[in-house]
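J.:
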Amino acid sequence: MGAPAFQRTLTLAVLSTPSSGAPSAHHSTPQRTLPCGIQGSLELRGPLHLLSPVLSLLGLAKSHLPKEEVKVQRGTMGSMFRSEEVVLVQLFLPTSAAYTCVSQLGELGLVEFRDLNASVSAFQRRFVGDVRRCEELEKTFLFLQEEVRRAGQVLSRPEGRLPAPPPRDLLRIQEETDRLAQELRDVRGNQQSLQVQLHQLRLHAAVLGQGHSPPLAAAHADGPSERIPLLQPPGGPHQDLRVNFVAGAVEPSKAAALERLLWRACRGFLIASFRETEQQLEDPVTGEPSTWMTFLISYWGEQIGQKIRKITDCFHCHIFPYAEHEEGRLAALQQVQQQSHELQEVLGETERFLSQVLARVQQLLPPWQVQIRKMKAVYLALNQCSVSATHKCLIAEGWCAARDLPTLQQALQDSSSEAGVSAVVHRIPCRDMPPTLIRTNCFTASFQGIVDAYGVGRYQEVNPAPYTIITFPFLFAVMFGDVGHGLLMFLFALAMVLTENQPAVKSAQNEIWQTFFSGRYLLLLMGLFSVYTGFIYNECFSRATAIFSSGWSVAAMATQSDWSDAFLAQHPLLALDPNVSGVFLGPYPFGIDPIWSLAVNHLSFLNSFKMKMSVILGVTHMTFGVVLGVFNHVHFGQWHRLLLETLPELVFLLGLFGYLVFLIVYKWLQDYAARAASAPSILIHFINMFLFSHSPTNQPLFHGQEAVQSALVILALVMVPVLLLGTPLFLHWRHRSRSQRGPAGRQPDEDKSGILDSSDASVAGWGPDEEKAGCPEDGEEAEFVLSEVLMHQAIHTIEFCLGCISNTASYLRLWALSLAHAQLSEVLWAMVMRSGLGLGRKLGVAAVALVPIFAAFAVLTVAILLVMEGLSAFLHALRLHWVEFQNKFYSGTGYKLSPFTFASEEG
Amino acid sequence: MLEGAEFYFNVDHGYLEGLVRGCKASLLTQQDYINLVQCETLEDVKIHLQTTDYGNFLANQTNPLTVSKIDTEMRKKLCREFEYFRNHSLEPLSTFFTYMTCSYMIDNVILLMNGALQKKSVKEILVKCHPLGRFTEMEAVNIAETPSDLFNAVLVETPLAPFFQDCMSENTLDELNIELLRNKLYKSYLEAFYKFCKNHGDVTAEIMCPILEFEADRRAFIITLNSFGTELSKDDRETLYPTCGKLYPEGLRLLAQAEDFDQMRRVADHYGVYKPLFEAVGDGSGGKTLEDVFYEREVQMNVLAFNRQFHYGVFYAYTKLKEQEMRNIVYRSSSFEVPIL
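Chains as they are written, first to last, in the UniProt record's numbering: chain A, 1 to 907; chain B, 1 to 341.
#1: Please list, in chain order, the chain B residues whose beta carbon lies closer than 7 Å to that of residue 121 of chain A.
#2: So residue 397 of chain A and residue 90 of chain A are in contact, right, with Cβ under 8 Å, and what is the actual spacing, rounded?
#3: Residue 896 of chain A to residue 438 of chain A, Cα distance in whole Å?
#4: On the CB-based measure, 16 or more other CB atoms within 10 Å of its CB, does residue 383 of chain A come out buried or exposed?
#5: Using a Cβ-Cβ cut-off of less than 8 Å, list which residues of the region 129-156 of chain B approach chain A; keep chain order.
#6: Less than 7 Å between CB atoms is the rule here; does residue 133 of chain A satisfy it with respect to chain B?
#7: How far does the beta strand (DSSP E) with residue 294 of chain A in it extend, from its first residue to its last?
#8: Determine the DSSP secondary structure at residue 191 of chain B, reduced to helix, strand or coil.
#9: For a test of the three-state rule: what should DSSP assign to residue 130 of chain B, helix, strand or coil?
#10: Let me know the secondary structure DSSP gives residue 245 of chain A once reduced to three states.
#11: Using the DSSP secondary-structure output, state which residues sit across from residue 400 of chain A in a beta bridge.
#12: Report the three-state DSSP secondary structure of residue 896 of chain A (helix, strand or coil).
#13: Quick one: which chain B residues come within Cβ less than 7 Å of residue 265 of chain A?
#14: Mapping the DSSP letters down to three states, classify residue 275 of chain A as helix, strand or coil.
#15: At what residue ranges does the region 83-132 of chain B contain a whole run of the alpha helix (DSSP H), taking only runs of 4 or more?
#16: Helix, strand or coil for residue 310 of chain A per DSSP?
#17: Could you please give the first and the last residue of the uninterrupted alpha helix (DSSP H) stretch that includes residue 318 of chain A?
#18: Tell me which residues of the region 300-333 of chain A have at least one Cβ-Cβ distance to chain B shorter than 8 Å, keeping chain order.
#19: Counting contacts by CB-CB distance shorter than 7 Å, is residue 599 of chain A in contact with chain B?
#20: Counting only the same chain and skipping the five closest in sequence on each side, list residues whose C-beta sits under 8 Å from that of residue 353 of chain A.
#21: State the DSSP-derived secondary structure class of residue 535 of chain A, mapped to helix, strand or coil.
#22: Any idea which residues DSSP pairs residue 741 of chain A with across the strands?
#23: Tell me the rounded alpha-carbon separation between residue 137 of chain B and residue 161 of chain B.
#24: Go through the region 625-699 of chain A residue by residue and report every complete run of the alpha helix (DSSP H) that reaches 4 residues or more, in order.
#25: Is residue 369 of chain A near residue 141 of chain A, with beta carbons less than 7 Å apart?
#26: Tell me the residue span of the alpha helix (DSSP H) that contains residue 293 of chain B.
#27: I'd like to know whether the C-beta atoms of residue 964 of chain A and residue 411 of chain A end up nearer to each other than 7 Å.
#28: For residue 257 of chain A, which residues in chain B fall below 8 Å Cβ to Cβ?
#29: Closer than 7 Å by beta-carbon distance: list the chain B residues that pair up with residue 254 of chain A, in chain order.
#30: Counting only the same chain and skipping the five closest in sequence on each side, list residues whose C-beta sits under 7 Å from that of residue 254 of chain B.
#31: Is it the case that the Cβ atoms of residue 527 of chain A and residue 490 of chain A are separated by a distance below 7 Å?
#32: Out of A:278, A:553, A:591, point me to the one whose CA is closest to residue 581 of chain A's CA.
#33: Between which two residues does the alpha helix (DSSP H) carrying residue 260 of chain A extend?
#34: Residues bridged to residue 552 of chain A by DSSP?
#35: Kindly confirm or deny that the region 838-855 of chain A and the region 681-691 of chain A touch, where touching means at least three C-beta pairs closer than 8 Å.
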């Protein structure tokens with residue numbers, strides 16, 4: 001009796017969900033939750049965004065009007081909807097004011113310069129001399145900086161705004177820097193030579209002081225034994241046999257090699273003893289303390305002596321005079337110590353002076369560095385300009401947002417007013433694709449970032465970012481639906497949002513932290529939406545909440561079907577039959593009825609619901625993507641694509657999968673509680689639809705279903721050839737008719753405009769390079785190859801048609817991930833928290849044990865459910881947007897406008 | 001060693017091979033050379049080199065820039081890379097690296113001995129020594145008066161020691177003897193290196209053996225060419241030829257008998273590899289010299305070495321290619337220096 005009861009209960013409970021509005025929320029939210037309240041400056045508003053396509057339609061309808069006006073009008077509104085209008089401008093900078101103008105532009109960051117000297121190599125450009133001087137200066141700065149760092153001090157960051165210095169200041173800065181560097185070099189050189197001297201003296205002292213006791217002959221046992229007496233302490237009575245000494249110091253790493261070489265080269269005509277210094281001596285070059293090996297070599301024979309000297313030379317040993325007599329050595333030692341005392345005093349004096357110089361460097365260097373960096377940037381930008389024929393002005397070309405043109409004009413006027421001749425900016429026509437500019441604020445930036453990570457949009461293409469603001473967190477939340485987890489995420493994001501202006505939070509260098517911080521608004525919305533879907537799934541840390549009373553009554557069932565004690569004892573599972581009057585009172589007001597969390601068939605019920613919901617969301621999302629393509633076609637004036645691509649695509653998608661959605665919704669709206677056993681199966685229906693057959697056991701959902709289905713399938717299949725051949729044939733036809741008409745009608749027009757352009761160019765004094773950069777030949781129209789277009793369209797068609805099926809299936813990840821999340825949190829609750837709560841009835845034991853258990857629960861919740869599951873859901877939401885949604889309309893083949901700005905120089 | 005380097009090569013040497021291939025990608029391209037040709041001063045060369053992988057290697061040099069400074073800095077850079085490879089290498093690659101440095105060490109030793117002969121100061125000579133061939137005892141070379149002295153005192157601990165077996169003699173070191181010493185050392189060095197590669201087997205042998213064979217034959221040709229008109233007897237000459245090349249044994253015997261360039265050319269004509277090379281040599285006025293032709297052939301072989309994977313030849317090839325590049329840059333730069341008459 002179990003199975004049908006489940007079936008019945010299942011169907012009935014599903015009935016409650018459409019009223020709760022989970023799927024429909026998808027579409028109603030964009031207007032509702034747009035976050036104007038959080039960031040006042042957000043430009044996108046609901047009504048506007050709906051209006052904009054209409055306005056753009058108007059704009060195109062008015063295309064006989066001067067194009068500028070309409071475009072500007074469009075550009076000023078809804079800059080989020082598509083990228084802003086960017087125009088190619090030509091700047092005429094009077095030679096005398098070019099520098100100030102460009103430096104002003106750098107401060108403002110409005111124009112992206114185009115390189116007009118692309119064919120000129122780096123060292124043949126106009127301002128290469130100035131750039132080189134800046135580099136020289138930077139080299140000196142580097143030296144100064146290194147010196148400061150070596151002294152163990154840090155350079156402070158410069159404060160306040162530092163404009164690029166006027167060119168004449170370069171000389172002054174250069175002179176001062178050179179003077180400073182020279183001074184520093186002198187002092188440093190002095191200090192070093194003093195240190196080297198001191199080091200030498202100390203080594204000498206060490207050599208003398210260690211007073212090599214008479215070298216033991218035993219160390220060199222193979223030396224001829226009759227010579228041992230000759231090696232008595234110096235000062236002994238051996239005047240007839242002259243024993244000479246070489247004493248010195250060598251680095252420890254070389255000592256062994258030296259000793260061996262000495263031995264091999266001189267074959268025992270010497271005795272050497274090596275000893276490590278007791279004190280560590282500071283190395284004058286690196287400043288690191290190190291020990292040295294001192295050695296004393298006694299030898300006889302002048303030739304051997306020469307050899308020894310050569311060898312010690314090659315090992316860079318320090319050789320010191322070594323008196324033969326004890327007294328002499330003591331005297332020398334005293335003298336050396338005296339000298340080193342004096343030297344230390346001088347050294348101290350030098351170091352004081354050095355620190356004074358360094359303090360001056362510390363004060364002057366940081367602002368200079370910023371200024372020179374800016375100056376170099378300006379010259380590099382000027383290097384991209386070409387020179388007019390008369391040499392009176394420089395000509396720069398660049399991309400600039402149409403909206404910023406007045407600002408640009410004003411800035412140029414202001415900065416060139418001193419020169420007497422005003423800098424001029426004017427727009428020039430261009431056939432290159434302009435860069436994409438979409439202004440963002442701190443709220444929209446992260447969403448735009450998601451889109452840009454896939455690919456920067458083509459110029460003026462529909463920008464998916466505004467829709468992503470809602471759909472992304474929503475799809476995430478479908479997979480992450482849990483009130484508790486969502487709330488935690490929301491609070492975390494809220495904390496970041498509230499503290500975003502605190503410098504400590506802002507300037508944290510941790511990379512992981514920065515990632516989270518830059519996505520704080522995204523997290524905020526994701527958390528918020530998760531709370532919402534959590535309420536719909538009725539889950540809070542995997543527990544159901546009963547805010548309203550359940551729609552099912554167990555009491556009614558018990559009284560109506562007379563459950564006796566014996567019956568209850570025999571049956572561990574009890575079925576609630578909604579056909580029994582009073583058992584099912586009506587749908588739960590919002591979300592899933594909490595009674596389901598007690599049911600055994602909880603999972604199969606939720607699976608059915610989530611799977612259908614995923615399909616509905618997916619089809620809606622994809623259809624929305626296809627519809628957005630309409631605005632692209634309209635904007636770019638490709639009307640034929642509207643009819644030959646978007647329409648077939650829509651018919652194909654809606655005819656097959658839209659119908660599936662219809663079936664799901666239609667079945668939800670029917671009441672099958674009474675005839676649960678004979679309820680139709682959508683799956684079988686959908687399969688039969690493609691096979692043009694019907695199964696007798698599966699009842700039709702509505703009258704005439706088969707005819708409708710056949711019609712839809714045929715319609716969808718007819719659309720495939722239209723999609724495949726429509727655009728290529730149309731383009732072919734248009735190309736043919738144009739080329740036939742061409743010689744008679746069109747060509748002269750183009751020629752004339754070409755002449756006009758070139759005459760204009762010669763007036764402006766363009767060189768050949770600039771012309772090339774200004775109007776590169778666009779071969780798109782001229783070269784029309786049918787096979788290529790056909791191939792392209794065939795790929796697109798196959799991709800779309802197969803994509804419809806696979807993408808719909810892909811949206812089932814919403815179901816899978818949300819299932820996984822729910823199950824994981826269920827497991828965590830059951831394995832950790834519930835076992836903890838069931839520990840014992842004794843209050844004390846449970847209370848003590850619950851502390852670590854709750855800690856474990858909390859840690860695991862955050863680590864696994866929030867971080868790990870969150871990342872995985874994020875990834876899948878990202879994929880659904882990039883692949884399933886954006887490939888319906890978004891090409892993402894543009895490039896960003898990157899204006900010339902000093903932002904990086906100041907940092 | 002087992003065949004099938006691809007199974008285990010990457011465990012020990014994969015990182016270094018990847019690194020050296022990355023380094024190879026940084027060699028100057030045709031475009032870079034075109035730009036270099038356009039340069040008008042040394043500063044231009046410097047600016048252009050900055051845009052390549054050389055980067056700011058001249059940034060810390062004080063003006064004025066000279067060719068020798070550029071050369072030294074480039075050598076230092078190569079040396080840094082080589083040291084890095086060497087420090088991170090495992091056996092038997094590290095032995096391979098040692099073999100590679102040996103040729104530079106031989107050159108340095110000979111250079112120092114020549115310097116000592118001409119009573120030049122060691123410091124002066126040291127600047128000219130190749131940094132890849134440096135070793136600690138190097139500067140003590142001039143204490144030796146005979147080859148056996150040199151061996152016993154100075155070189156016995158260096159990797160050069162095994163090559164000395166054939167050159168032990170009590171002759172005093174005059175100019176000719178030094179030259180003979182150099183060639184004998186080189187001969188045993190090449191033979192040892194060849195044997196090492198051959199024994200290593202695998203792809204390394206397939207790549208390195210032809211390169212070393214060519215190197216050996218080149219030396220044989222050059223020795224022959226240089227010995228024309230000197231007092232070197234033909235028998236002595238034959239003892240100097242490295243015997244690991246393709247010319248061994250017949251070609252070497254014929255070469256030993258050669259008396260002028262034409263006879264040498266006739267010997268080369270018997271060998272398919274060397275015939276085209278000698279044909280490419282211009283006759284006297286203009287055209288390429290034999291040396292240029294050999295360089296070209298060497299570069300070609302080294303470039304081809306990069307077509308195979310899992311072998312040590314890439315390190316050798318990279319070093320040689322880099323050296324050729326440095327020669328090119330120095331050649332280009334030296335044309336700016338005003339010749340002082």
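Backbone N, C-alpha and C define an ideal beta-carbon position, used for all residues, glycine too.
T.: Judging by the given coordinates:
#1: 35, 38
#2: 5 Å
#3: 9 Å
#4: Buried, by the Cβ-count rule.
#5: 136, 137, 138, 139, 140, 142, 143, 152, 153, 154, 156
#6: no
#7: 293-299
#8: helix
#9: Residue state, collapsed to three classes: coil.
#10: strand
#11: A:87, A:111
#12: Strand at residue 896 of chain A.
#13: 143, 153
#14: strand
#15: Correct list: 93-117, 122-128.
#16: Three-state result, residue 310 of chain A: helix.
#17: Here residue 318 of chain A belongs to no alpha helix (DSSP H); instead the beta strand (DSSP E) covers 318-320.
#18: 307, 310, 311, 313, 314, 315
#19: no
#20: 187
#21: In this structure, residue 535 of chain A counts as helix in the three-state DSSP scheme.
#22: In the DSSP output, where bridge partners are listed per residue, residue 741 of chain A has none listed.
#23: Spanning the two alpha carbons is a distance of roughly 13 Å.
#24: 647-653, 659-669, 682-691
#25: yes
#26: From DSSP, the alpha helix (DSSP H) with residue 293 of chain B extends over 290-305.
#27: Here chain A covers residues 1 to 907 and nothing more, so residue 964 of chain A does not appear.
#28: 136, 137, 157
#29: 136
#30: The beta carbon of residue 254 of chain B sits closer than 7 Å to the beta carbons of 267 from its chain, once the five residues preceding and following it are set aside; these are given in chain order.
#31: Going by beta carbons, residue 527 of chain A and residue 490 of chain A fall inside the 7 Å limit.
#32: A:553
#33: 252-266
#34: Its beta-bridge partners are A:584.
#35: Result no; under three Cβ-Cβ pairs closer than 8 Å.
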